[in-house]
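Some notes on the structure that comes next.
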Amino acid sequence: MHIKINNYRKKKTLHRRYRHVSGLAQSELVLHNNPVLPLIDFSAFVSKDETNHYPRNIIEKLANACEHVGFFYAIGHGISNELLLRTLSVTRQLFDLDLKIKNQYASRLFVNSSNINYQSGGLSRGYQSIGENVTNSRRDRHEGFDLYRELDSNHPLRLQFNEKNLTNKTLPDYREMAIGWNLWPKELPLFKETITEYTTAMLQAGARVMRAIALSLNLPLNYFESTFNDSFWVIRCIRYPPVSQNKIQSPEYGEGCGEHSDYGWLTFVNQDLDSHNCLHVRTNDRSKATYISADPIVVEEQIALTCNIGDIIAFITKNKYRSTRHCVVSPVKPARSRISTPFFFEPNLDVKLRINETSPECYYGEYLINKICILNYLSN
Ligand SMILES: O=C(O)CCC(=O)C(=O)O
Ligand SMILES: [Fe+2]
Numbered sequence: 065m066h067i068k069i070n071n072y073r074k075k076k077t078l079h080r081r082y083r084h085v086s087g088l089a090q091s092e093l094v095l096h097n098n099p100v101l102p103l104i105d106f107s108a109f110v111s112k113d114e115t116n117h118y119p120r121n122i123i124e125k126l127a128n129a130c131e132h133v134g135f136f137y138a139i140g141h142g143i144s145n146e147l148l149l150r151t152l153s154v155t156r157q158l159f160d161l162d163l164k165i166k167n168q169y170a171s172r173l174f175v176n177s178s179n180i181n182y183q184s185g186g187l188s189r190g191y192q193s194i195g196e197n198v199t200n201s202r203r204d205r206h207e208g209f210d211l212y213r214e215l216d217s218n219h220p221l222r223l224q225f226n227e228k229n230l231t232n233k234t235l236p237d238y239r240e241m242a243i244g245w246n247l248w249p250k251e252l253p254l255f256k257e258t259i260t261e262y263t264t265a266m267l268q269a270g271a272r273v274m275r276a277i278a279l280s281l282n283l284p285l286n287y288f289e290s291t292f293n294d295s296f297w298v299i300r301c302i303r304y305p306p307v308s309q310n311k312i313q314s315p316e317y318g319e320g321c322g323e324h325s326d327y328g329w330l331t332f333v334n335q336d337l338d339s340h341n342c343l344h345v346r347t348n349d350r351s352k353a354t355y356i357s358a359d360p361i362v363v364e365e366q367i368a369l370t371c372n373i374g375d376i377i378a379f380i381t382k383n384k385y386r387s388t389r390h391c392v393v394s395p396v397k398p399a400r401s402r403i404s405t406p407f408f409f410e411p412n413l414d415v416k417l418r419i420n421e422t423s424p425e426c427y428y429g430e431y432l433i434n435k436i437c438i439l440n441y442l443s444n
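In this note's numbering, the protein residues as written are 65 to 444.
Encoded structure:
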């Protein structure tokens, strides 16, 4: 599918007040009376029926959020609080494992095809210790565990790929990279179980949000369906250790995660409810770096997901929708470490895209492998 969009609606600013209620028995719950990001309710977009009536005011509010902010809070996403909290809790348990155990699942960054470990990774699946991830040439102060979509044993892309034809090109065929398996820690079977449930729920939420985004671009409700029905999603489980106030500035480390925009399509952040002043979203002010804190919020007893537009949507909408830069500032002691489990809702590997004006059309898989190789190259 070649995605091309040029049919836009007119801007309209809408203001509405929302009621925020704490219904969770969570002592650390953070509540906001005035969310800093637009709040969008996606419950009406659960249906795929094009003949339904979809609320115009919500669609316009979403268009406005994507155009001017690039970030929004989503409620009505269909994922239970229990599952969101369990995902964070099992991720915390994963990072609580002994470092020796975590290092058994260390991600192996490949440089060329011959380095790929087919049984247990390919790509850069698995554990990264603190400082291994580098953004803007500085070590990020977090540890991570990367999970990617696993292709079934009879998936067409797996069958197409023939290991015997391995090349030594700098950039391997994207199918070589995609056929790996996640490094599920055997010490914590609950991790695989919970993340698998989280993934299923997130894919449904992603499809729901994309129906609303399609309408917000004056496109048919199911326009993007075939772009995502075999999504090559990514989950990055992250723990940010707390830092003493006087050690926040360090020659060795940058931020919890340095400023960046997300290279993909659409990101959903599930973060600890007590994480305060950590995820910082850069505002529209081009003259100076100004940020707002996208703290977690709970609205009418539902945990909202923090969503942001990635570079690909920005490109295909000719920058009408913004891929906004953001960073994560480490929690300050005595706060506990912060856990987040961003879900990157990405296209099918064999979806054709044009991701900038000068380059030819390419498969999403090719774009992804370029991104991963560039990021890995820069961090070495
Ligand atoms: O931890 C977070 O809240 C967001 C992390 C992030 O921006 C990313 O992994 O792209
Ligand atoms: Fe990000």
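Built from N, CA and C at the ideal position, the CB exists for glycine as well.
Buried or exposed for residue i, please, with buried defined as at least 16 other CB atoms from any protein chain shown within 10 angstroms of its CB.
{"i": "residue 192", "result": "buried"}
{"i": "residue 182", "result": "Unreliable positioning characterises residue 182 in this predicted model, as indicated by a pLDDT of 45, which lies under 50. The coordinate reading is nonetheless provided below. Classification for residue 182: exposed."}
{"i": "residue 422", "result": "exposed"}
{"i": "residue 428", "result": "buried"}
{"i": "residue 71", "result": "Any reading at residue 71 needs caution, since the residue's pLDDT is 33, under 50, leaving its predicted position unreliable; the model's value is listed next. Exposed, because fewer than 16 other Cβ atoms sit within 10 Å of the Cβ of residue 71."}
{"i": "residue 197", "result": "buried"}
{"i": "residue 160", "result": "exposed"}
{"i": "residue 75", "result": "Caution is warranted here: a pLDDT of 29 is assigned to residue 75, below 50, making its placement in the model unreliable, and the coordinate value is therefore given only provisionally. It is exposed - the Cβ of residue 75 has fewer than 16 other Cβ atoms within 10 Å."}
{"i": "residue 257", "result": "exposed"}
{"i": "residue 264", "result": "exposed"}
{"i": "residue 401", "result": "buried"}
{"i": "residue 217", "result": "exposed"}
{"i": "residue 120", "result": "exposed"}
{"i": "residue 166", "result": "buried"}
{"i": "residue 46", "result": "Given that the chain is displayed from residue 65 to residue 444, the structure contains no residue 46 and the question cannot be resolved."}
{"i": "residue 162", "result": "exposed"}
Starting from residue i and walking both ways along the alpha helix (DSSP H), at which residues does that stretch end?
{"i": "residue 167", "result": "163-167"}
{"i": "residue 273", "result": "253-280"}
{"i": "residue 115", "result": "That residue, residue 115, is in no alpha helix (DSSP H); it is neither H nor E in DSSP."}
{"i": "residue 375", "result": "375-380"}
{"i": "residue 532", "result": "Here the chain comprises residues numbered 65 to 444, so residue 532 is not present and cannot be evaluated."}
{"i": "residue 292", "result": "289-292"}
{"i": "residue 222", "result": "220-224"}
Output needed for residue i: all residues of its chain with C-beta closer than 6 Å, excluding positions within five of it in sequence on either side, in chain order.
{"i": "residue 348", "result": "none"}
{"i": "residue 211", "result": "246, 299"}
{"i": "residue 418", "result": "425"}
{"i": "residue 30", "result": "In the structure as shown, the chain starts at 65 and stops at 444, and residue 30 therefore has no counterpart that could be examined."}
{"i": "residue 343", "result": "358, 392"}
{"i": "residue 123", "result": "279, 280"}
{"i": "residue 301", "result": "155, 209, 405"}
Along the beta strand (DSSP E) that carries residue i, what are the first and last residues, could you check?
{"i": "residue 100", "result": "Neither: residue 100 is in no beta strand (DSSP E) and is coded neither H nor E."}
{"i": "residue 240", "result": "Per DSSP, residue 240 belongs to no beta strand (DSSP E); it is in the alpha helix (DSSP H), 238-242."}
{"i": "residue 331", "result": "330-333"}
{"i": "residue 210", "result": "207-212"}
{"i": "residue 190", "result": "190-192"}
{"i": "residue 402", "result": "402-404"}
{"i": "residue 295", "result": "Element bounds for residue 295: n/a, residue is neither H nor E."}
{"i": "residue 357", "result": "355-357"}
{"i": "residue 106", "result": "Here residue 106 belongs to no beta strand (DSSP E), and DSSP marks it neither H nor E."}
{"i": "residue 321", "result": "321-324"}
For residue i, which residues from the same chain have a beta carbon less than 7 Å from its beta carbon, with the 5 sequence-adjacent residues on both sides left out?
{"i": "residue 224", "result": "239"}
{"i": "residue 114", "result": "284, 285, 286"}
{"i": "residue 322", "result": "199, 200, 202, 204, 391"}
{"i": "residue 152", "result": "334, 336, 403, 405"}
{"i": "residue 272", "result": "106, 109, 110, 141, 142"}
{"i": "residue 150", "result": "258"}
{"i": "residue 320", "result": "204, 205, 206, 304, 342, 392, 393, 394"}
{"i": "residue 431", "result": "417, 419"}
Give the C-beta separation of residue i and residue j to the nearest angstrom, bearing in mind that I take them to be a contact with Cβ-Cβ under 8 Å.
{"i": "residue 280", "j": "residue 126", "result": "5 Å"}
{"i": "residue 109", "j": "residue 118", "result": "7 Å"}
{"i": "residue 137", "j": "residue 370", "result": "6 Å"}
{"i": "residue 354", "j": "residue 372", "result": "That pair is no contact at about 17 Å."}
{"i": "residue 213", "j": "residue 329", "result": "Wrong, their Cβ atoms sit about 13 Å apart, outside the cutoff."}
{"i": "residue 102", "j": "residue 128", "result": "7 Å"}
{"i": "residue 386", "j": "residue 134", "result": "3 Å"}
{"i": "residue 131", "j": "residue 382", "result": "Incorrect: roughly 12 Å between the Cβ atoms, too far for contact."}
What does a CB cutoff of less than 8 Å around residue i pick up in its chain, not counting 5 residues either side in sequence?
{"i": "residue 24", "result": "Examination of residue 24 is not possible in this model, given that the chain is present from 65 through 444 alone."}
{"i": "residue 316", "result": "195, 203"}
{"i": "residue 340", "result": "94, 357, 359, 395, 399"}
For the stretch 310-319 and the stretch 382-397, state whether three or more C-beta atom pairs, one from each stretch, are separated by less than 8 Å. Verdict: yes, contact present.
Counting beta carbon pairs with one atom in the stretch 298-310 and one in the stretch 194-206, are three or more of them shorter than 8 Å? At 8 Å Cβ cutoff, the stretches touch.
Does the count of Cβ pairs from the stretch 136-155 and the stretch 352-368 closer than 8 Å reach three? Yes: the two stretches touch, three or more of their Cβ pairs being nearer than 8 Å.
With contact counted as at least three CB pairs below 8 Å, one residue from each stretch, are the stretch 128-143 and the stretch 259-279 in contact? Enough Cβ pairs lie closer than 8 Å, so yes.
Between the stretch 372-391 and the stretch 409-420, do at least 3 Cβ pairs fall closer than 8 Å? Verdict: yes, contact present.
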